[in-house]
Structure formats: structure tokens, C-alpha cells
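Note that the protein sequences, when read in sequence, are chains B and E.
For the first sequence, our numbering assigns the number 51 to the initial residue and increments by one for each residue that follows.
For the second sequence, our numbering assigns the number 51 to the initial residue and increments by one for each residue that follows.
Even for Gly, the Cβ is constructed at its ideal location relative to N, Cα and C.
2 protein chains.
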Amino acid sequence: MGLVVQKYGGSSVANAERIKKVAQRIVATRKEGHDVCVVVSAMGDTTDDLLELAAQVSPLPPGREMDMLLTAGERISMALLAMAIANLGMEARSFTGSQAGVITDSTHGRAQIIDVAPGRIREALDHGHIAIVAGFQGVSQDTKDITTLGRGGSDTTAVALAAALNAEVCEIYTDVDGVFTADPRLVPTARRIARLSYEEMLEMAASGAKILHLRCVEYARRFALPIHVRSSFSTKTGTWIVEIPEEEQMEAPIISGVAHERGEAKITVVGVPDKPGEAAQIFAVVADVGVNIDMIVQNVSSVATGRTDITFTLPSSDLTTAVEALSKAQASIGFESLQSDDQIGKVSLVGAGMRTHPGVTAKFFSAMADAGINVEMISTSQIRISVVVREDELPIAVAALHSAFDLDSTGDIATVYGGTGR
Amino acid sequence: MGLVVQKYGGSSVANAERIKKVAQRIVATRKEGHDVCVVVSAMGDTTDDLLELAAQVSPLPPGREMDMLLTAGERISMALLAMAIANLGMEARSFTGSQAGVITDSTHGRAQIIDVAPGRIREALDHGHIAIVAGFQGVSQDTKDITTLGRGGSDTTAVALAAALNAEVCEIYTDVDGVFTADPRLVPTARRIARLSYEEMLEMAASGAKILHLRCVEYARRFALPIHVRSSFSTKTGTWIVEIPEEEQMEAPIISGVAHERGEAKITVVGVPDKPGEAAQIFAVVADVGVNIDMIVQNVSSVATGRTDITFTLPSSDLTTAVEALSKAQASIGFESLQSDDQIGKVSLVGAGMRTHPGVTAKFFSAMADAGINVEMISTSQIRISVVVREDELPIAVAALHSAFDLDSTGDIATVYGGTGR
């Protein structure tokens, strides 16, 4: 049997009892005959405690030192996990990101992995040891400083190590049973999805499904590495994210699921001169203040005025920053006014079968109409339809789509749908 | 101006407020024109908290993983200290023991430093940065695993780095004003000692003065590196530990101070056959169970029986272990019985001037006699006299010697005398 990489998040190792449970699961996998490499996040509240300490000594701590501080978190959890495994009679060795060969660029707080050189991990596995690796961290190629990978960092560490070690599978353990057809808190009849293609999971993640981060799925797709998202509290099969050959896709369900995102806002730039380069100017101003935009809509311009309106969505936490930056640039860009709205949400329908099944779009909009929901913006890809609606209408929109596309379960009710930590 | 290495213990960085105070002191030293390298221990209770966590997951955690766990402590304190310095407008960079080039053997929990290669520290200093280094930790030469240095480890890190960097001085900051002529809790008239030779400090440390660890003083002596022990709560000059040329020693005070040690025990091995190799057998048995012995006394053997008694002292925490080991070996060694006593203490008089001033021994024992104290064992070096007395008579013995050798202060009362942490 081959190598399994397992990743456990902060809630799975939140205290000594849970660490011991995780150790049992790891030892069981090892006893089945697999080589096992484990990636672990910091214990539950550790990161918050460390951030609080940092805030007490400095309002704006340097990124290098913040990374040095935060990486203490995984150091603690991984050493404790190795101890718990040793206590069950198995040999375990913990390794920092740097020791595990996770090489990154020098962008503190959100470093990108540029290489993985897991020589020490391979050596430990060859000795029959269980390797425990700190997630979320690496060492910069240029400065040899400790870095952190930012959001989704531990999942990405796990996938990157699994790819570098030619693992059979990367198992991502979380507090839910897998990826669901919708958030069960909104849709009690939501079902666990057994299998998703990388493309579908990417669209789900980009559309607000918090269970896996985009970057980790992208990494897995690049190396065609199977991911198994499953619960650390049960032994049930979860959701497999795999490469699905085109011929199989024909027989796959048309629709995988409904994702949604709260905390969205939109800005309309009114009366933009309708000439080349105007939109580029607007988005350059927004990008310069570090704000990522999502959907963009440009109205047909008025022949009478030679002006047009441009609307885009962004995280509502960035709304003030973006509005201020645009206001400052009003004269140079030459638009008439700004309108903003932070009471919106996004709902998306994702499914690879959409490509080959006409009529999905029509059914989508009739479901919205039947539920009495006004659609404010539309964006589509080959395998996704997303619309912006009033935030307070999100639950109705999600449930209406889930039902219209026959995703409702007739079986048991899904467990609570949660997000991943780091 | 040259390089100053400063070491701050756990109580000096116990919380955010204290870390900010320490940062101010470091910045002040830098602004005087010195290059500054700082060695820091873990914050106050961090180590105890981590030990408690370890105990919760495993009764006997592997040393490698224990070291991985505990080194998270300095990682936190050093990053916070670097942040606090940055907040005062100075550039600071924190480094783990491994990054600072502290190379050790592979003895987890009490590794020995075998080399210091501070290339990254030198580079940081050359850039005008303040270097913050994690005390107590290193990386093993053979396995590249993280190690800890055990007791006195942070002081030793500081002295070793100072030696490798050719520092002018290694300043050891603590919660008292320096080394005192006696423990001020026992002798309120105890005075701060302005200057001590390495030999005197070694004898003081070996005799129970907890302010500096033996290994750190030994390291400093080997490299003739001046140590300045001083308070982190004041700017007063503390105690300098330096090489004192022989001609100056003639004029130095005859006696430096009185040290004492509680928590001692003694074992008497009764009726040992008086022939070569018997004592060696006894001490081999004790050494095999990892117990360090201190003073040894052998009585004149009885001509009638051809047997003798051997008495030695050891830490009282090791008494049970040693007695059990000896009992098991009774038949093979052939002694008659064992007696043990854990109600003893040791008091020592230290001073380089003893070498050249006759009469010190006579005065010592008449002071003991005048105070009505029975001396149970005696051990001497060229610059030290130590005796074992009843533990409850220790305070009287210390005060009597302090007074007899004119060490009593006429000035201000000393502040409380504490120990160092790691």
C-alpha cells in the first residue's frame, strides 16, 4: 500500500483529548500498511492568542516577525501529536515547514510555495516513521526567513507535500462529512457529494464553499492528486476531488451543488466616459489599494451622453477602501458619481454537466422568478452560473435552486456545514 | 563602540508590558552606538504550560519532540520582542537557535554546544539591525534536529554567542542587582559584589549561588569574556565577572561571599571492606543511575574489622534512586548497611584571597563554634571552604560567617535574591 497524506485542522487538535483521538486514527492508518505523512494546523485558539499578544506589543508588527510568532502554533501542535503517537507505540517525527522542505517566496503572511524538497520526510518514511509536518509555514528561498502561507495554507501544504511525495491521496480532515450540495444550515435537505472534478470544486470554492481553499484545489489539479475531504469525527467516506475523464463526465450529475457567499458589496461607477482605457483606469485604482474584485458588469452606453456605468462586486470589508480610492481619482478618471451597496449576496450553481445540457440557464432564472427574487448582476463560466441578489433573499435563492435542480436528499439530514481554518 | 550581548530571562519578558520595557532598554543601548545582540528566554509561564500540555498527551514524551515543543516558547518571546523594538523605530530580526548557528550534540533536553557559527547574526548586525536570538536551544550537528540545552541554557547561549561574535561584554539581566555576599533573605546586611574572578564565581555557583549557572561561567572563562550580571529593573551597575590578574588579586578582598545550598542529602555506606576498588564500585553504582554526587568523606578504617565508612552528599531529590541502587548492589559490594539523611544543608565561604591569607580556616571554624553549630562534613578547594550542617541551622551558619568575615554592609539593604530560570 502506498503513502497517505492526512491534514488535520485546528479544531481537530484543539485540546489534548482531540490530539489523542487524531493520533489513534493516524496509527490505525499506519497499521493498515500505509506510509503516513500528517500535516497539522495550530491548536484551536493558539493563533488568536498569539495575534492578541502581538497587538499588545505593536500596532503594526513587521511581517517577518509575525510569521516567526505564528509558526510557534504548529510547532506546539505537531510536537504534541508526535508525542501522542509515540505513546501508542509508533515512531513519529515532527518537522517544521522549513525542515520538511517547503520552500516559498518572501511574501510574509501570504507566501507562495515555489518548491517542495521533502528529503527529510522521505527519509523518516523510509525508516517506517510517521512524519508530522507543520502546516501553513515554509522558508523563503532568498532570505531563508520563516514564512506563512496565509489563508488555506495548511491544506495547500498537505497537497503540495502529497504531490512531491507521490502520495496516493491527500485526506483533508474537517468537522463535516465532506462537500455538500448546499450549506445544510440553509438547506436541511442538502446531500454530501460523493465525487467532484477539480474544475467543479474550483468553481464551488470560488463561489463561497468554504470547505477547501481555491489554491489547494488548484495545486491538486496541477498534479492530478486525488483529495479526499472527510470528517475527523467519523470513519465515513467523504467527498473525493479527482480528475474525471470527459467520457465519464457525460454520465455525471448535471449539477453538483449550490454555493453562496455573504459579505459581498458592489460599487457602481456612474457616467464613465465610454472610450478605451477608462475601465482599466478604474480597476487599476482599486487594485492599487489591494482590493480584489469579483464580478464586473458594464451597461450599454448611452449614445446621447457618450457615457456608461460600470458595476463590480468586492468583499464588503474592502468597500470603504475602494470607495475612498475611487473618490480621490474622480477628476482624473472623469466619472460622474459613485453608488455603493453592501446588502448583497452571491448565489452560484455549479456543475460540469452544464456544458453539455442546454436549458440550465433558463431553468435557473425561472426558479429565481418563481421564488420572487430580483437578480441584480449575472456572471457565468462554462460550468457555473452566479447571480447577485439582495443579501436577505440569499437563503430563499439557495433553497429554490437546490430544489429546482433536484438536489434535495430523501435520506438523512446532513450535519452542519463549516469552514476550514488555516 | 563594540558589540554588547544582552540576555533577558523569562521574568523580564513575562508579559507585553515587560517586553516593551526590555525593548526600550535595548534601543537605548543601540542608540549609545553599540551593536546589540539579545538572547531571550521563554515568557514567564510558557514552559510550564507546554510541559503541562505534554503531560496530558503522554506520560513519557520522546526527548526529540519535547525539545520541538519547548522551543516554541522562545520563538514566541523573541518575535514579540523584535516587534516591540520595531515599534520604537529600530530594525530588529529574530533568529532561532538553529538560525543563529548554535550547533549542539544530540542529547535532547540537555545538549552541549559544540560550535557556534553566527553568520546570520553577524550579517544582521552589519546591516545595523538588532539581532534577537532564542536562548536555550540549538540544532544537533548529526541529526539536524532541534535540541534544548537544559538548565542554564539561555545564559550559556548568550555567553557562547558573545564569545563567537567577539563581544565586549555579555550582560545577564535578572531580577536582582547582581551577585551578593550572601542571600539577602537570610542576611539582610548582604552587599552586592562589584567584581568577581571566574574562579570565584564558579565556586559560588557550585556552592549554591543560583544567579549564574556553572556551565555559562565556565564557557566565559574559557574565552575570557567579561560577564555583567545586572538588574532588568534598574540601570545600576551590577556584578562584573572578569579575569583578574594575579597581582590585582593580592589587593582584592580576601573573601567574596557566603553561598549556601538547601535540598542536600547524604548517604553513609557503613562497613565497606577497606581494599582498593571498593569506593570505585560504590560510585559506579550511583553514577549508573544518573546521580551526581558532591562531597565525599571516608573515615579512617578500623584496624580491628578491616572495614571503613564512606559518606557522600547528593541532591535530596536523588536520594531514593541512589539508596535503591546501592541496596541492590549490597551483596556484590559487600558493605554492611546504609544510612541516609535528607535534613542537611551546605554552607560555603568563597574568596580568591584565601590562597594567600592563612588563618581563614581557623576563623571559619571558630565562627561555627561560636554560633553553636555542629559541622558534619568538610570539603575545601584553594579558594573555598564548604561544610555540611543541619538544614535548620543553615541561616545561622550563613549569618555567622558573613559577620565573622566582615562582609556586613553598612549601607542600603539589598533587594531580594532570586534564581535564574533557563
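Using a C-beta cut-off of 8 Å, the stretch 136-144 of chain B makes contact with the stretch 72-85 of chain B, since at least three inter-stretch Cβ pairs fall below that distance.
Taken through DSSP and simplified to helix, strand or coil, GLY403(B) comes out as helix.
Per the DSSP secondary-structure output, TYR223(E) pairs in a beta bridge with TYR58(E), ARG280(E). Contact note: ARG125(B) reaches chain E through MET118, LEU119, THR121, ALA122, ARG125, using a C-beta cutoff of 8 Å and chain order.
Membership of HIS179(E) in any alpha helix (DSSP H) is not indicated, and neither H nor E is assigned to it by DSSP. DSSP, reduced to helix, strand and coil, places ALA274(B) outside both helices and strands of the structure shown, so it counts as coil.
In this structure, LEU211(E) lies away from ARG172(E), with their beta-carbon atoms at least 8 Å apart. For VAL437(E), the uninterrupted beta strand (DSSP E) segment begins and ends at 434-440. By the rule that beta-carbons nearer than 8 Å mark a contact, VAL107(E) touches chain B. Interface flag for LEU130(B) against chain E is set, since a Cβ pair is found closer than 8 Å. Segment contact: the stretch 221-238 of chain B against the stretch 273-287 of chain B, three or more CB-CB distances shorter than 8 Å; contact assigned.
Taking 8 Å as the threshold, the shortest C-beta distance from ALA136(B) to chain E falls below it. The beta carbons of PHE230(B) and GLY307(B) sit closer together than 8 Å. Sequence-distant partners of LEU236(E) (beyond 5 residues in either direction) whose C-beta falls short of 8 Å from its own C-beta, in its chain, are HIS310, LEU444, PRO445, VAL448, ALA449. Our two residues, GLY200(B) and PRO234(E), have alpha carbons roughly 52 Å apart in a direct line.
Counting only the Cα atoms, THR96(B) lies some 6 Å from GLY123(B).
Our two residues, ALA142(E) and LEU100(B), have alpha carbons roughly 19 Å apart in a direct line. Taking each of ALA402(E), VAL319(E), VAL183(E), VAL353(E) in turn and checking the Cα distance to GLN389(E), the smallest one comes out for VAL319(E).
For the pair VAL439(B) and THR239(B), the Cα-to-Cα distance works out to about 22 Å. DSSP places ILE69(B) in the uninterrupted alpha helix (DSSP H) bounded by 66-81. Interface with chain B (8 Å Cβ-Cβ cutoff): GLU115(E) is included. The residue from ALA104(E), LYS194(E), PRO112(E) with its alpha-carbon nearest to that of GLY159(E) is PRO112(E). When DSSP states are grouped into helix, strand and coil, LYS396(E) belongs to the strand group. Going by C-alpha positions, GLY384(E) is about 7 Å away from PRO323(E). Distance check between MET345(E) and each of THR370(E), ILE435(E), GLN380(E), CYS266(E) places ILE435(E) closest, using alpha-carbon atoms only. DSSP, read as helix, strand or coil, puts GLN331(B) in helix. Nearest Cα to ASP227(B) within the set ARG242(B), ASN424(B), ALA217(B): ARG242(B). Comparing alpha-carbon positions, the option among ALA105(B), ASP205(B), THR371(B) lying closest to GLY340(B) turns out to be THR371(B). Under the Cβ criterion of 8 Å, MET133(E) is counted among the residues facing chain B. For the pair ILE394(E) and LYS316(E), the CB atoms are nearer than the 8 Å cut-off.
Proximity of chain E to ILE69(B) at the Cβ level (cut-off 7 Å) is accounted for by VAL107, in chain order. In the structure shown, VAL166(B) adopts extended strand secondary structure according to DSSP, grouped into three states. Bounds of any alpha helix (DSSP H) do not take in HIS310(E); it lies within the beta strand (DSSP E) bounded by 307-323.
As far as DSSP is concerned, ASP98(E) takes part in no beta bridge. Using a Cβ-Cβ cut-off of 8 Å, SER61(E) does not count as an interface residue toward chain B, since no Cβ of chain B sits closer than that to its own. Neighbours of SER144(B) in chain E, taken as residues whose beta carbon is under 7 Å from its own, are GLU115, MET118 in chain order.
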